[in-house]
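Visitor: Right, I'll just put the structure down here and ask away after.
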Amino acid sequence: MKKEFLNGYEVVTRACIDAGANFMYGYPITPSSEVLSDWINKSQKNKNLNYLQTEDEIAAGFAVCGSIVAGKKTFTTTSGPGTILMQDSLSMAEGMRLPFVAIIAQRGGPSSGTVIYSQQEVNLAIHGGNGEGLRIVYSPSNLKELYRFIRYAFNAAWKYRFPTIVLTDGYLLKTKQNIELFSKYKNEKTKSLFLENKQKNIRNIYTIEEELMEKILKDKKDFDEMAREITEVELYKTDDAKQIIIAHGLVSAVAKEAIDILRNKGIKIGLFKPSTLSPFPKKELNSLLNKNIKKVFIIESSLGQLKNLVKQNLENKINIDVLQKPAVGIEVQEIINKITK
Amino acid sequence: MKIKSSFCPGCGQVMILQSLYKVLQDNKLEDKAVLGLDIGCSLLAWNFLPINTFQTHHGRVVATMVGYKRAKTDSVSIAYTGDGGAYAIGLQSLLWSAKRNEAVIVIVVNNSIYAMTGGQTAPTTMKNQKTATSPQGYNEESFLGPELIKSLNKKAYITRSACNDIKDLKKVFNKAIKNQAKGNFSLIEVLSFCPTNWKTKGKETIDYLENMKKTFPIGEVK
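Chains as they are written, first to last, in the working numbering: chain A, 1377 to 1717; chain B, 36 to 257.
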């Protein structure tokens, strides 16, 4: 493998192309616009790549749905207020079990907020719809994972047919690094919902309440069965740890650096990093915390969106402390100070 | 044709959809056709015709069918919607699809009210018309969708018809299908009966529709 000097957004388009995606719909918004521009630039030479800059994120999301119904690997990318508008189509994708792939670059909220970074779109990514949140959400912490999780996302989406989000941020999309990308993953095949010689009528509105409940319960069963196959977690230096940091995305990369320094000072601390925020690695979390862990630090650029997720999945009581900085990045020294104070 | 209808008795959509199906059959395009449905009374068309159909969200059928058509260029992609879905909540997508000359056919059923939700004021409500949300009578002018949209696209086929003129419906559907085959956008607004919400019977329903034609001129917008 050769090393390449790539931006985060170039890693995104590369991963989407390698995954077999050939349609993209999007609307410009910082910090995800570069993905749209880069895809369109690449399409000037690669005629397999189709695109449309739509009138808004609503149209982008529904065009993605239409394209997927017709059997094309299609994706979109958005951020912040655009993620809100995208909920309409994501909800249809959840209802119709469409393999909708969205690369979401979190920015600060509420409202138009700030434009580069936060970890405040966790709730929106998982539970932004009027349903049960049957969505797959990956959270990459570096460019290699950004590539790998996008490849996983397309495969999971098309195999299990749930909307799938790769939840990143503008810091990562703007990061430029020399990296080697392992790209030899097998791609899932696509399938159109319609055949020309076989009539099909697809609903997403129900007259009988019990009928909808049955559908949801079946979808939930499928989701839980899928969870066993696709849940991803990274454990870093947890074998002899007495304390655990829980963090995701970029914050988890910072936490690793802090852990290395803390261990040099003799503090036995490790990291639990959920790579899939949904389905959440519940079994892995509880089996780790049941191994003589005295204290957990939940660290995030939000006022507790990750903490709530962790608490929903905890089976036993544990001593929890938090470092929460909504809409700003977290530095190594801040984590060290938190742990050693 | 086996008919399973969940439309109200006297609903104009039955004539519109059957005429559409006849034209698809005449052109041997039933298998190529996909009917995308907006939410509102249009959703009831999901199992009415023996062709591929799917329901979308309110105001979102045009954007969805744009995605479908671009992904399957040899399909006959039809977005079927009411006046509220087309001209209020979904107007942005409709305007931009027309402006970009997307090769989809949009059929807008105009019955002058939001029928599924109980007769509220719609973009096509007529001046002085009483509705559930304009109890004193609507005091604005009606929204003329085809006339507005024509200015955005010279290649578009844009017309208005009525559910009680089957011959004209077949003519306009034929033209729209041919226009889509050439890669162009079409919009067909069809004035349609809603005796349930108009609270009309028999001839009153026909008279109501004929009266609508004074506000909404029938024929191609050029």
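We treat Cβ as the ideally placed atom computed from N, Cα and C, and that holds for glycine.
Spell out whether any CB of chain A is found under 8 Å from the CB atom of B:V141.
Guide: In the second sequence, the residue the question calls residue 141 of chain B occupies position 106. Cβ-Cβ to chain A under 8 Å: no for B:V141.
Visitor: Check whether the Cβ of A:L1468 lies closer than 8 Å to any Cβ atom in chain B.
Guide: Counted from its first residue, the first sequence places residue 1468 of chain A at position 92. In the sequence under discussion, the amino acid at residue 1468 of chain A is Met, which differs from the Leu named in the question. By this cut-off, A:M1468 is an interface position.
Visitor: Just the Cα atoms here: how many angstroms apart are B:E176 and A:I1526?
Guide: Residue numbering aside, residue 176 of chain B sits at position 141 when the second sequence is read from its first letter. Residue numbering aside, residue 1526 of chain A sits at position 150 when the first sequence is read from its first letter. Each residue's alpha carbon lies about 50 Å from the other.
Visitor: Between the stretch 88–95 of chain B and the stretch 1421–1432 of chain A, do three or more beta carbon pairs fall short of 8 Å?
Guide: No contact exists between the stretch 88–95 of chain B and the stretch 1421–1432 of chain A.
Visitor: Just to confirm my understanding: we take A:N1662, look at its own chain, exclude 5 residues before and 5 after, and list those with CB closer than 8 Å. What are they?
Guide: One-based indexing of the first sequence puts residue 1662 of chain A at position 286. Correct list, in chain order: N1689, L1690, E1691, N1692.
Visitor: When the distance is taken between beta carbons, is A:F1399 closer than 8 Å to A:C1441?
Guide: Within the first sequence, residue 1441 of chain A is the residue found at index 65, counting from 1. Within the first sequence, residue 1399 of chain A is the residue found at index 23, counting from 1. No, they are not a contact pair.
Visitor: If I measure Cβ to Cβ from B:T250 and keep anything under 6 Å in the same chain, skipping five residues before and after, which residues do I get?
Guide: For the purposes of this step, residue 250 of chain B is identified with residue 215 of the second sequence, where counting begins at 1. The residues are M161, S177.
Visitor: B:C198 and B:G45: beta carbons closer than 8 Å?
Guide: Residue numbering aside, residue 198 of chain B sits at position 163 when the second sequence is read from its first letter. Residue numbering aside, residue 45 of chain B sits at position 10 when the second sequence is read from its first letter. Result no, Cβ atoms of B:C198 and B:G45 do not sit closer than 8 Å.
Visitor: Of all the CB atoms in chain A, is at least one closer than 8 Å to the CB of B:G47?
Guide: Residue 47 of chain B sits at position 12 when you count from the first residue of the second sequence. B:G47 does not count as touching chain A.
Visitor: Is the stretch 1533–1541 of chain A touching the stretch 1497–1516 of chain A, taking contact as three or more C-beta pairs under 8 Å?
Guide: Verdict: yes, contact present.
Visitor: Closer than 8 Å is the cut-off here; do at least three beta carbon pairs connect the stretch 1647–1658 of chain A with the stretch 1698–1711 of chain A?
Guide: They do not touch, by the three-pair rule.
Visitor: For the stretch 77–109 of chain B, list every residue whose C-beta sits within 7 Å of some C-beta in chain A, in sequence order.
Guide: Per Cβ criterion, the list reads L78, W81, N82, P85, I86, N87, T88, F89, Q90, T91, H92, R95, A98, T99, M100, V101, G102, Y103, R105, A106, K107.
Visitor: Along the stretch 52–70 of chain B, what residues have a CB closer than 7 Å to any CB found in chain A?
Guide: Taking 7 Å as the Cβ-Cβ cut-off against chain A, the residues of the stretch 52–70 of chain B that qualify are D66, K67, V69.
Visitor: With 16 as the cutoff for other CB atoms within 10 Å, does A:G1384 come out buried or exposed?
Guide: Counting from one through the first sequence, the residue named residue 1384 of chain A turns up at place 8. Counting Cβ neighbours within 10 Å, A:G1384 comes out buried, since at least 16 surround it.
Visitor: What does the alpha-carbon distance come out to for the pair A:E1431 and B:L130?
Guide: Within the first sequence, numbered from 1, the residue matching residue 1431 of chain A stands at position 55. Within the second sequence, numbered from 1, the residue matching residue 130 of chain B stands at position 95. Those two C-alpha atoms are separated by around 9 Å.
Visitor: So, for B:F208: in the same chain, excluding its five sequence neighbours on each side, which residues have a beta-carbon less than 6 Å away from its beta-carbon?
Guide: Looking up residue 208 of chain B in the second sequence gives position 173. If we look at B:F208 and ignore the five residues flanking it on each side, its Cβ neighbours are L55, V58.
Visitor: Check each residue of the stretch 1446–1463 of chain A: if its Cβ is closer than 8 Å to any Cβ of chain B, include it; give the result in chain order.
Guide: Under the 8 Å Cβ criterion, the stretch 1446–1463 of chain A contributes A1446, G1447, K1448, T1450.
Visitor: Verify whether the separation of the beta carbon atoms of A:I1675 and A:I1711 is less than 8 Å.
Guide: Stepping through the first sequence from its first residue, residue 1675 of chain A is reached at position 299. Stepping through the first sequence from its first residue, residue 1711 of chain A is reached at position 335. Yes, these two residues count as a Cβ contact at 8 Å.
Visitor: Quick one: Cα of A:E1586 to Cα of A:T1566, how far?
Guide: The residue labelled residue 1586 of chain A in the question sits at position 210 within the first sequence. The residue labelled residue 1566 of chain A in the question sits at position 190 within the first sequence. Cα to Cα, the separation comes out at about 31 Å.
Visitor: Would A:S1487 be called buried (16 or more neighbouring beta carbons within 10 Å of its own) or exposed?
Guide: Counting from 1 along the first sequence, the entry for residue 1487 of chain A is found at position 111. Exposed: under 16 other Cβ atoms inside 10 Å.
Visitor: For a test of the three-state rule: what should DSSP assign to A:A1617, helix, strand or coil?
Guide: What you label residue 1617 of chain A is simply residue 241 of the first sequence in a count that begins at 1. A:A1617 falls in the coil class under three-state DSSP.
Visitor: Residue range of the beta strand (DSSP E) that A:N1695 falls in?
Guide: Your numbering for residue 1695 of chain A matches position 319 in the first sequence. A:N1695 -> beta strand (DSSP E) spans 1695–1700.
Visitor: For chain B, is any of its Cβ atoms less than 8 Å away from the one on A:I1621?
Guide: What you label residue 1621 of chain A is simply residue 245 of the first sequence in a count that begins at 1. No - not a single Cβ of chain B is within 8 Å of the one on A:I1621.
Visitor: Give me the Cα-Cα distance between A:L1548 and A:D1414, rounded to the nearest whole angstrom.
Guide: One-based indexing of the first sequence puts residue 1548 of chain A at position 172. One-based indexing of the first sequence puts residue 1414 of chain A at position 38. One C-alpha to the other measures close to 16 Å.
Visitor: Over the uninterrupted beta strand (DSSP E) stretch that includes B:A138, give me the two end residues.
Guide: Numbered from its first residue, the second sequence carries residue 138 of chain B at position 103. No beta strand (DSSP E) contains B:A138, which DSSP labels as neither H nor E.
Visitor: Just tell me which of A:F1530, A:F1656, A:F1558 has its CA closest to the CA of A:M1377.
Guide: As a working note, residue 1377 of chain A is residue 1 in the first sequence. Selected option, being the one with the closest Cα: A:F1558.
Visitor: Below 8 Å on the Cβ atoms is my contact criterion, and I expect B:N145 with B:D118 to pass it. Report the Cβ-Cβ distance as a whole number of Å.
Guide: The residue you call residue 145 of chain B lines up with position 110 of the second sequence. The residue you call residue 118 of chain B lines up with position 83 of the second sequence. Right, the Cβ-Cβ distance comes to about 5 Å (below 8 Å), so this counts as a contact.
Visitor: Alpha carbon to alpha carbon, what distance is there between B:Y115 and B:L72?
Guide: Taking the second sequence and counting its residues from 1, the one referred to as residue 72 of chain B is at position 37. Taking the second sequence and counting its residues from 1, the one referred to as residue 115 of chain B is at position 80. Their Cα atoms are separated by approximately 5 Å.
Visitor: Classify A:F1530 as helix, strand or coil using the three-state DSSP reduction.
Guide: As a position in the first sequence, residue 1530 of chain A is number 154, starting the count at 1. Reduced to three states, the DSSP call for A:F1530 is helix.
Visitor: Use the C-beta contact count for A:L1679: other C-beta atoms within 10 angstroms, 16 or more gives buried, fewer gives exposed.
Guide: For this step, residue 1679 of chain A is matched to residue 303 along the first sequence. Exposed.
Visitor: Using a threshold of 8 Å, state whether the C-beta atoms of B:V256 and B:I193 are closer than that.
Guide: Within the second sequence, the letter at position 221 stands for residue 256 of chain B. Within the second sequence, the letter at position 158 stands for residue 193 of chain B. Taking 8 Å as the Cβ cut-off, B:V256 and B:I193 qualify as a contacting pair.
Visitor: Could you say if the stretch 1435–1450 of chain A and the stretch 1481–1500 of chain A meet the contact criterion of at least three C-beta pairs nearer than 8 Å?
Guide: The answer is no - the stretch 1481–1500 of chain A does not touch the stretch 1435–1450 of chain A, with fewer than three Cβ pairs under 8 Å.
Visitor: On the three-state DSSP scale, how would you describe A:A1481?
Guide: Residue 1481 of chain A sits at position 105 when you count from the first residue of the first sequence. It is a strand residue.
Visitor: Of all Cβ atoms in chain B, is any one closer than 8 Å to the Cβ of A:A1395?
Guide: Taking the first sequence and counting its residues from 1, one reaches residue 1395 of chain A at position 19. Cβ-Cβ to chain B under 8 Å: no for A:A1395.
Visitor: A:E1605: which of A:I1620, A:K1574, A:N1640, A:P1655 sits nearest, CA to CA?
Guide: For the purposes of this step, residue 1605 of chain A is taken as residue 229 along the first sequence, with counting starting at 1. The shortest Cα separation from A:E1605 among A:I1620, A:K1574, A:N1640, A:P1655 belongs to A:P1655.
Visitor: Inspect the CB distances between the stretch 1448–1466 of chain A and the stretch 1396–1411 of chain A and report whether three or more fall short of 8 Å.
Guide: They touch, by the three-pair rule.
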